[in-house]
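Numbering (this note's numbering), first residue to last: 58 to 381.
Structure first, then comments.
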Amino acid sequence: MKFIFEKRASIIIHNFIKAQRVDKPFILPSNICPIVPSIFLKLNRQILFVDIDLKNLEIDQDMLINLLKDNLGKFGGILWTNGLGSNHSNEVLFKILKSIDPNLLLIDDRCLCKPSFEFRSKFSDLVVFSSGYGKYTDLDYGGFALMKKEHKYISYNIKFDANDHENLVNSFHKAINNELKICYKDSNWLGSNKSNLNYNLYKKEVLKLAKKSSNHKTKLNKIYSKNIYKKAQMPLKLCHWRFNILVNNKKILLKKIFLKGLFASSHYYPSSKLFGHTNCVKSTKISNHIINLFNDFRFNEDMAISICEIINKHIKVYGVPKIK
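Next comes the structure, spelled out in structure tokens:
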């Protein structure tokens, strides 16, 4: 496979899709970060969101396979994400997808996973990792990918305006907070003003920070796992990127957390809903209950212990949801 290195992982996805000149719709998970659909809309590509499996928060495989079989040759590709940064292989599924439609472009988006320069895939056309802000290894810049050698890749000159990027992100927040649909308007939000990136230096930085991040995450995850009521915890395989819990009345809990000077995130508002597509019921259900607890360097052990106490008091009053 061919190695690709850019200033942002989103630039890699943009350049790859544009270079392939595929005009058929792409399938995306309904719970994908809204930046990803924006890449496709920037390229004037049609997208279709597919709902998730509640067991792993990934595209429902049965739903996906049936969709492809019922619409042979009508899709250009699939962008797949492992649930909450889970590290498992997708080779068995991707082999099935390629057997249904050999021309499908399969993008394995591992931007929430632990970066791996040794990753290999027989069926993925593109495997993408990120070291950007908020990712497993947070250098606040950088992305790399492995691509099948037969594919074309062009590093396009993409104009960038930091204000445009900020405005796009703010529009996401505003729409999510008010449960409104977003009307995408193209701007120069995608590029980057960073330059003179050195791959060898970058790789050393990623590997060094990945090891530190892994140790820190393990330490904080042990605190969360030991102290938070088990019934609220998501499986540990879904807690690499952040430690994830499911609670009732999550807005009330988040308010309590912030009032105590701590913080947590409420990600995973369905992009399918944000961009006005078909309502994906399971993504919405998860979004209503999931809270991401930080296990990166923004949080320390004392903060983790304190937030556990707040969470358990909340659960005693409001309980946890039954997600099926």
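Even for Gly, the Cβ is constructed at its ideal location relative to N, Cα and C.
Whole alpha helix (DSSP H) runs in the segment 320 to 355 with 4 or more residues, listed along the chain?
As far as the segment 320 to 355 is concerned, its whole alpha helix (DSSP H) runs of at least 4 residues are 328 to 331, 338 to 344.
Chain C beta carbons: is any one of them nearer than 8 Å to that of Pro94?
The structure shown contains no chain C; it is built from a single protein chain.
Going residue by residue through the segment 101 to 175, where are the continuous beta strand (DSSP E) segments of at least 3 residues, counting only ones entirely within it?
Taken in chain order, the complete beta strand (DSSP E) segments of 3 or more residues contained in the segment 101 to 175 are 104 to 107, 134 to 138, 162 to 166.
With DSSP as the reference, please indicate the residues paired to Pro86 in a beta bridge.
DSSP lists Val107 as partners of Pro86.
Limits of the unbroken alpha helix (DSSP H) element including Asn234:
Asn234 -> alpha helix (DSSP H) spans 219 to 234.
For Asn214, does the three-state DSSP call read helix, strand or coil?
Annotated three-state conformation of Asn214 is coil, per DSSP.
Counting only the same chain and skipping the five closest in sequence on each side, list residues whose C-beta sits under 8 Å from that of Ser244.
Around Ser244: Asp218, Asp221, Asn224, Leu225.
Anyone know if the C-beta pair for Glu175 and Gly140 falls short of 8 Å?
Cβ distance not < 8 Å, so Glu175 and Gly140 don't count as in contact.
I believe Phe132 touches Lys152 by the beta-carbon criterion, under 8 Å. Please report the beta-carbon distance rounded to the nearest angstrom.
Between Phe132 and Lys152, the beta carbon gap of about 17 Å keeps them out of contact (Cβ cut-off 8 Å).
Look at the alpha carbon of Val360 and the alpha carbon of Phe351, and state the distance between them as a whole number of angstroms.
Looking at the sequence shown, residue 360 is not Val but Met. Each residue's Cα considered, the two are about 10 Å apart.
With a threshold of 8 Å, are at least 3 pairs of Cβ atoms found where one atom belongs to the segment 66 to 74 and the other to the segment 305 to 319?
No, the segment 66 to 74 does not touch the segment 305 to 319.
For Ser181, which of helix, strand or coil comes out of DSSP?
Three-state DSSP puts Ser181 in coil, outside helix and strand.
Have a look at Lys362 and Lys276 and give me their C-alpha separation to the nearest angstrom.
In the sequence on display, residue 362 carries Ile and not Lys. When rounded, the distance between both Cα atoms is 12 Å.
Beta-carbon spacing of Ile302, Cys365 below 8 Å
No, Cβ-Cβ distance for Ile302 and Cys365 is not below 8 Å.
Give me the residue from Arg355, Gln290, Cys240 with the minimum Cα distance to Ser270.
Among Arg355, Gln290, Cys240, the Cα nearest to that of Ser270 belongs to Arg355.
Rank Leu161, Gly142, Leu150 by C-alpha distance to the C-alpha of Arg167 and give the top, closest one.
Taking only the C-alpha atoms, the option nearest Arg167 is Gly142.
Own chain residues within Cβ distance below 8 Å of Asp158, not counting five before or after
The answer, listed in chain order, is Leu125, Leu129, Gly130, Phe132.
My understanding is that Ile343 touches Ala321, with C-beta atoms under 8 Å, so please give their C-beta distance in whole angstroms.
Not confirmed; about 16 Å, so no contact.
Using a Cβ-Cβ cut-off of 6 Å (strictly less than) and excluding sequence neighbours within five positions of Trp246, which residues of its own chain qualify?
Closer than 6 Å at the Cβ level, and outside the excluded window around Trp246, lie Asp221, His222, Leu225.
Report yes if the C-beta distance between Thr194 and Ala267 is below 8 Å; otherwise report no.
Against a cut-off of 8 Å, the Cβ pair of Ala267 and Thr194 comes out as a contact.
Between Ile135 and Leu161, is the Cβ-Cβ spacing less than 8 Å?
A contact, by the Cβ cut-off of 8 Å.
Given Ile215 as reference, the closest of Leu85, Ile84, Ile68, Leu295 once Cα atoms are compared:
When only C-alpha atoms are compared, the closest one is Ile68.
Leaving aside the five residues before and after Asn278 along the sequence, list all residues of the same chain whose C-beta is less than 8 Å from its C-beta, in chain order.
Same-chain partners within the cutoff: Leu293, Cys296, Phe300, Asn352.
Return the bridge partner residues of Ala202 from the DSSP annotation.
BP columns for Ala202 point to Ile61, Val185.
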